[in-house]
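Enquirer:
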Ligand SMILES: Cc1cc2nc3c(=O)[nH]c(=O)nc-3n(C[C@H](O)[C@H](O)[C@H](O)COP(=O)(O)OP(=O)(O)OC[C@H]3O[C@@H](n4cnc5c(N)ncnc54)[C@H](O)[C@@H]3O)c2cc1C
């Protein structure tokens with residue numbers, strides 16, 4: 068039987084009433100992160116972007132809120148659901164991809180690596196302070212000559228007595244120079260292994276990457292490891308292959324599926340407000356068919372991306388999420404967000420190229436987001452492989 | 004000592020408020036939230052507790068409202084209250100300010116608090132009066148529109164925001180204090196607090212449980228009845244001055260004010 072739907076009013080900010088699919092607790096978490104981003108990120112992020120920095124104090128504030136490693140259980144972590152974690156990523160990235168990156172790298176890459184592959188001792192030593200934002204972590208997998216193909220990495224670790232000697236170079240490492248601790252992946256005689264490298268270890272230096280025109284409100288560095296001597300207990304005991312780092316990336320990518328939907332939403336909202344306000348040829352540009360078509364397209368993409376993210380969240384909470392699902396989500400949502408950002412940028416005319424509005428910042432950030440954590444191509448290959456049973460990487 | 008904080012579930016700030024012509028009451032069907040002013044009252048309670056000058060053993064959030072008002076209590080608890088009390092009864096629906104104040108006071112008597120805090124107004128009814136009504140029933144001093152509370156021995160030194168300036172008033176406990184939003188910046192509830200909110204004790208009371216005389220509450224027990232409603236007269240559209248040349252803009256603004264003898 069069909070019900071009377073005449074009374075249902077559509078809200079531009081949540082066209083498909085996706086809110087209704089969330090629990091009260093999920094909405095409360097979402098609202099808290101949204102308020103934090105509104106108060107603490109949005110008013111400053113244009114300046115951070117322009118200056119090419121992100122204040123490290125933000126990590127403590129994010130820690131106080133409980134957002135760092137929020138989906139992990141125990142060791143001072145909140146133990147929230149995957150869906151709640153996703154909602155937080157969405158709100159953070161609606162502010163800026165750089166802020167979401169900080170949280171992703173801390174929680175899903177650095178903390179998760181220790182939580183999933185570390186010893187009890189390592190977990191107790193590092194995780195509570197990382198959850199509080201007192202210790203910042205970074206995650207070094209990529210190298211100058213090994214990005215999409217991490218198996219070709221050159222960084223090596225060899226045993227020397229009970230110690231390890233780590234040698235090599237990591238590139239494009241988010242939070243690298245501000246991190247108190249780096250999770251560094253290296254090839255060893257026993258397979259690929261992860262190491263916990265504290266800041267200040269002899270032979271370990273960092274150098275920031277300058278001239279980025281994307282993800283500027285985020286610090287990206289090179290890690291230089293010149294025969295760094297580490298004690299035996301610096302090695303993550305449980306990881307012996309690339310499954311180690313890839314499991315971490317899978318967690319972070321899941322957050323990006325949501326984050327991209329947030330960035331898209333922010334661009335759409337900016338475009339909608341601008342179109343209603345901006346008068347050209349004697350009427351708001353929102354009154355023109357061309358702009359309405361653009362807005363409709365953006366709303367469609369934002370809602371579709373959010374639904375996709377939510378679906379993956381529910382799958383993850385039910386223990387039914389496969390890495391291929393995440394690849395499909397990252398591929399689809401980041402591309403959709405780029406599409407929305409570019410359309411929104413045009414709606415804003417000249418204002419769309421300034422940092423006064425969030426749109427070009429998101430648009431350029433998303434160029435990093437579509438590249439890191441597996442490029443769109445790589446995720447297409449993962450999905451293609453799952454569809455056809457044929458590995459097309461090599 | 005014990006602090007009780009009165010809280011209310013109100014339509015979310017983003018929802019356009021309207022009177023339901025059929026009932027003469029506010030249409031509360033849309034998104035709801037904890038009354039923003041009450042978040043300042045909870046924060047004030049938290050600051051008294053954390054300030055350490057008073058030995059605050061417990062902060063209790065109390066609401067009167069329909070089933071959905073539990074959400075407001077969960078929020079209050081996530082912001083720091085230790086437990087909550089939900090007064091809910093069909094018989095209470097349609098209570099006016101006097102009836103609501105009476106019902107809340109009856110509930111408060113069971114708790115016997117040293118201090119009652121509440122937001123100075125609700126985002127929906129905007130009456131500003133519940134605090135005074137409650138205080139009267141409790142035979143306790145009432146302070147309204149308070150924007151700072153300092154502990155000085157046995158007394159609280161409060162600053163009131165008055166139309167002509169600020170009053171500094173000292174009050175002994177027990178007392179009922181309604182606070183303005185200038186009093187503090189409420190904290191963000193942490194994730195753990197949000198997730199733990201449902202695990203904190205929540206007591207549900209009927210009107211009978213709270214010892215409420217039913218003849219004094221609900222629509223029938225209320226003295227105030229809403230007659231007709233009129234929308235305020237539409238305002239004329241304002242003048243928008245585009246700031247193309249700042250000197251010119253300033254001149255235009257000055258001329259506009261001058262014309263109206265405002266400067
Ligand atoms: C701002 C930023 C922050 C980053 N943060 C981190 C971090 O914290 N930690 C970390 O370890 N890394 C980080 N990275 C690195 C990132 O993960 C890599 O850049 C990414 O994996 C791609 O690697 P690459 O740049 O070497 O590109 P390549 O792997 O060299 O790819 C170049 C191009 O070739 C395509 N390609 C590659 N292989 C195939 C194939 N088999 N078939 C078809 N096409 C292919 C790619 O899609 C791409 O278009 C970050 C990058 C950026 C931009």
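Protein chains in written order, with this note's numbering: chain A, 68 to 461; chain B, 4 to 266.
No residue lacks a Cβ here, since even glycine has one placed at the ideal position from N, Cα and C.
All of these numbers come straight from a predicted model, not from anything done at the bench.
If you measure beta-carbon to beta-carbon, which residues of the segment 240 to 261 of chain B are closer than 9 angstroms to chain A?
Expert: Listed by position along the chain: nothing, the set is empty.
Enquirer: Is residue 336/A helix, strand or coil when you go by DSSP?
Expert: Of the three classes helix, strand and coil, the one that applies to residue 336/A here is helix, per DSSP.
Enquirer: Counting only Cβ pairs nearer than 9 angstroms, list the residues of chain B close to residue 457/A.
Expert: None at all; the shortest Cβ gap to chain B is about 43 angstroms.
Enquirer: How many Å lie between residue 235/B and residue 372/A at the Cα?
Expert: The straight-line gap from Cα to Cα measures roughly 42 angstroms.
Enquirer: Under the three-state reduction of DSSP, which class applies to residue 256/B: helix, strand or coil?
Expert: Reduced to three states, the DSSP call for residue 256/B is helix.
Enquirer: Could you confirm whether any beta carbon from chain A is found closer than 9 angstroms to the beta carbon of residue 197/B?
Expert: So yes, residue 197/B belongs to the interface.
Enquirer: Under 6 angstroms Cβ to Cβ from residue 3/B, same chain only, skipping five residues before and after it: list those, please.
Expert: The requested residue 3/B is not part of the displayed model; chain B covers only 4 to 266.
Enquirer: Could you confirm whether any beta carbon from chain B is found closer than 9 angstroms to the beta carbon of residue 140/A?
Expert: It does not; no Cβ of chain B falls within 9 angstroms.
Enquirer: Regarding residue 424/A and ligand 1, is the C-beta to nearest heavy atom distance less than 8 angstroms?
Expert: Outside the cutoff, so no.
Enquirer: Please classify residue 243/B as buried or exposed, where buried requires at least 16 neighbouring CB atoms within 10 angstroms.
Expert: Classification of residue 243/B: exposed, given that the 10 Å Cβ count is below 16.
Enquirer: Please find out if some non-hydrogen atom of ligand 1 comes closer than 8 angstroms to the beta-carbon of residue 40/B.
Expert: Because no heavy atom of ligand 1 lies under 8 angstroms away, the Cβ of residue 40/B does not count as near it: no.
Enquirer: Is the segment 135 to 147 of chain B touching the segment 12 to 28 of chain B in the sense that three or more CB pairs, one from each, lie closer than 8 angstroms?
Expert: Short answer: they don't touch.
Enquirer: Got a sec: does ligand 1 put a non-hydrogen atom nearer than 8 angstroms to the Cβ of residue 266/A?
Expert: Because no heavy atom of ligand 1 lies under 8 angstroms away, the Cβ of residue 266/A does not count as near it: no.
Enquirer: Would you mind telling me which residues of chain A sit closer than 7 angstroms to residue 191/B, beta carbon to beta carbon, in chain order?
Expert: Correct list: 99, 102, 103 and 132.
Enquirer: Measuring straight from C-alpha to C-alpha, what distance separates residue 351/A and residue 169/B?
Expert: Between residue 351/A and residue 169/B, the C-alpha separation is close to 46 angstroms.
Enquirer: Could you tell me the distance, in whole angstroms, from the CA atom of residue 151/B to the CA atom of residue 186/B?
Expert: Roughly 5 angstroms between the two C-alpha positions.
Enquirer: Enumerate in chain order the residues of its own chain whose CB-to-CB distance from residue 161/A is below 7 angstroms, with the five nearest sequence positions on each side excluded.
Expert: 104, 329, 330, 332 and 333.
Enquirer: Let me see if you follow: with CB-CB separation under 9 angstroms, is residue 336/A close to chain B or not?
Expert: Cβ-Cβ to chain B under 9 angstroms: no for residue 336/A.
Enquirer: Using a Cβ cut-off of 8 angstroms, pull out every chain A residue sitting near residue 78/B, in sequence order please.
Expert: Near residue 78/B (Cβ distances below 8 angstroms), the residues of chain A are 95.
Enquirer: Quick one: what's got a C-beta closer than 7 angstroms to residue 184/A's C-beta in the same chain, skipping five residues either side?
Expert: 261, 303, 305, 306 and 311.
Enquirer: Of all the options 89/A, 340/A and 195/A, which has the alpha carbon lying nearest to the alpha carbon of residue 359/A?
Expert: It is 340/A.
Enquirer: Below 9 angstroms between beta carbons: does that hold for residue 122/B and residue 51/B?
Expert: Not a contact, by the Cβ cut-off of 9 angstroms.
Enquirer: For residue 142/A, which of 418/A, 178/A, 284/A and 230/A has the nearest alpha-carbon?
Expert: Minimum Cα distance to residue 142/A is reached at 178/A.
Enquirer: Chain A beta carbons: is any one of them nearer than 9 angstroms to that of residue 208/B?
Expert: No, because no Cβ of chain A sits closer than 9 angstroms to the Cβ of residue 208/B.
Enquirer: Please find out if some non-hydrogen atom of ligand 1 comes closer than 8 angstroms to the beta-carbon of residue 461/A.
Expert: Flag set: Cβ of residue 461/A near ligand 1.
Enquirer: By how many angstroms is the C-alpha of residue 308/A removed from the C-alpha of residue 446/A?
Expert: Distance between the alpha carbons of residue 446/A and residue 308/A: 20 angstroms.
Enquirer: Is residue 271/A near ligand 1, in the sense that its beta carbon is under 8 angstroms from a heavy atom of that ligand?
Expert: For ligand 1, not one heavy atom lies less than 8 angstroms from the Cβ of residue 271/A.
Enquirer: Starting from residue 99/A, follow the alpha helix (DSSP H) in both directions and report where the run begins and ends.
Expert: Here the alpha helix (DSSP H) through residue 99/A covers 91 to 103.
Enquirer: Measure the C-alpha to C-alpha separation of residue 77/A and residue 14/B and round it to an integer number of angstroms.
Expert: Using only the alpha carbons, I get a separation of about 18 angstroms.
Enquirer: Where residue 194/B and residue 356/A are concerned, what is the direct C-alpha to C-alpha distance, given to the nearest angstrom?
Expert: One C-alpha to the other measures close to 44 angstroms.
Enquirer: Report buried or exposed for residue 265/B, applying the criterion of at least 16 other Cβ atoms within 10 angstroms of its Cβ.
Expert: Counting Cβ neighbours within 10 Å, residue 265/B comes out exposed, since fewer than 16 surround it.
Enquirer: Show which residues of chain B have a CB atom less than 9 angstroms away from the CB atom of residue 197/A.
Expert: The premise fails here: residue 197/A is roughly 15 angstroms from chain B at the closest Cβ pair, so nothing lies under 9 angstroms.
Enquirer: Just checking: is the beta-carbon of residue 205/B within a distance shorter than 9 angstroms of some beta-carbon in chain A?
Expert: Taking Cβ atoms only, chain A never reaches closer than 9 angstroms to residue 205/B, which makes this a no.
Enquirer: Which one of 435/A, 301/A and 390/A has the shortest CA to CA distance from residue 188/A?
Expert: Looking at the Cα atoms, 301/A is the closest of the given residues.
Enquirer: Give a yes or no on whether the C-beta atoms belonging to residue 95/B and residue 215/B are separated by under 9 angstroms.
Expert: Against a cut-off of 9 angstroms, the Cβ pair of residue 215/B and residue 95/B comes out as a contact.
Enquirer: Using the three-state DSSP reduction, which class does residue 315/A fall into: helix, strand or coil?
Expert: Reduced to three states, the DSSP call for residue 315/A is helix.
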